[in-house]
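FYI, the numbering for the sequence shown is 1 to 228, going by the UniProt record's numbering.
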Amino acid sequence: MNGVENLETKRLILRPWEPEDADFVLDLYSRWKVQRFIGNPPRVMADRAEAEERIRVWRAMDHPVHAVWAVQLKDPAQQANPTRPTNPAHPTNPAQQANPAQPTNPPQQTDPAQPRIPGHSKPALAGTLLLKSIPASGAALPLQPSGDTEIGWHFHPDLWGKGYATEAAAAVLAYAFNNGVPKVVAVTNPANAASQSVCTRIGLLHQGQTSEYYNALCELYELANPEA
1 MNGVENLETK
11 RLILRPWEPE
21 DADFVLDLYS
31 RWKVQRFIGN
41 PPRVMADRAE
51 AEERIRVWRA
61 MDHPVHAVWA
71 VQLKDPAQQA
81 NPTRPTNPAH
91 PTNPAQQANP
101 AQPTNPPQQT
111 DPAQPRIPGH
121 SKPALAGTLL
131 LKSIPASGAA
141 LPLQPSGDTE
151 IGWHFHPDLW
161 GKGYATEAAA
171 AVLAYAFNNG
181 VPKVVAVTNP
191 ANAASQSVCT
201 RIGLLHQGQT
211 SEYYNALCEL
221 YELANPEA
């Protein structure tokens, strides 16, 4: 994998995804509340094998600046409920994209940078923060890169409303600009008011609606690097 730079905020650590994080990835992306605004059409994650593959793809990103971070809480007492959702998977044809088997894990040594909950071996994970190439709309699949850089976030529903997405996204936006990215964009489903609020809070400017990316109608937010 490329050298993903760890980032730190007052309450959060952003670090590379690890294979042992698969249980959390499955828990997060198998929830319709999370997935309903992701993908065109959206779909929930089916099983642990898919979670493991998602982590493998994230870890294989080869770019000097782009990365996908695991967002981890410094205070493990705030961790999301690790229980998998019990409601059945929803159909995959509602609103389009917003903005990206279970063997027991072996015990992991405690890392001071990865807070653990007493009696548990897993870090206190909160969600995902992405900085990546955004695909342009087009007839041919797979969609081709647009040349723009996208910021995005997916957080566990138990931790919504606590400001974690804003805190993590602000850190990644600063990281992007400090590393010479000329412009950062974010796209959300028109119905995703929560993500639109995060975009505004981190300083992205609303540009109206666009169908330029993902073959989907999205609200577009962007900000040019002030140092570019």
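Backbone N, C-alpha and C define an ideal beta-carbon position, used for all residues, glycine too. As the structure is a prediction and not an experimental result, all values here were calculated from the model.
For D23, the enclosing alpha helix (DSSP H) begins and ends at 22-29. The beta-carbon separation of Y214 and N40, rounded to 6 angstroms, stays under the 8 angstroms limit for a contact.
Taking a contact as a CB-CB distance under 8 angstroms, the pair W17 and V71 does not count as one, their CB atoms being some 10 angstroms apart.
Residue environment for G147: exposed (fewer than 16 other C-beta atoms within 10 angstroms of its C-beta). In the structure shown, the three-state DSSP call for T149 is strand.
A direct Cα-Cα distance of roughly 21 angstroms separates L12 from L204.
Cα atoms of L220 and A186: separation of roughly 6 angstroms, rounded to the nearest angstrom. Around the beta-carbon of S197, fewer than 16 other beta-carbon atoms lie within 10 Å, marking it exposed.
With the rule of 3 Cβ pairs closer than 8 angstroms, the region 46-60 does not count as touching the region 155-166. Look at Y164 here: in three-state DSSP terms it is helix. Distance check between G208 and each of L217, S133, G180 places L217 closest, using alpha-carbon atoms only.
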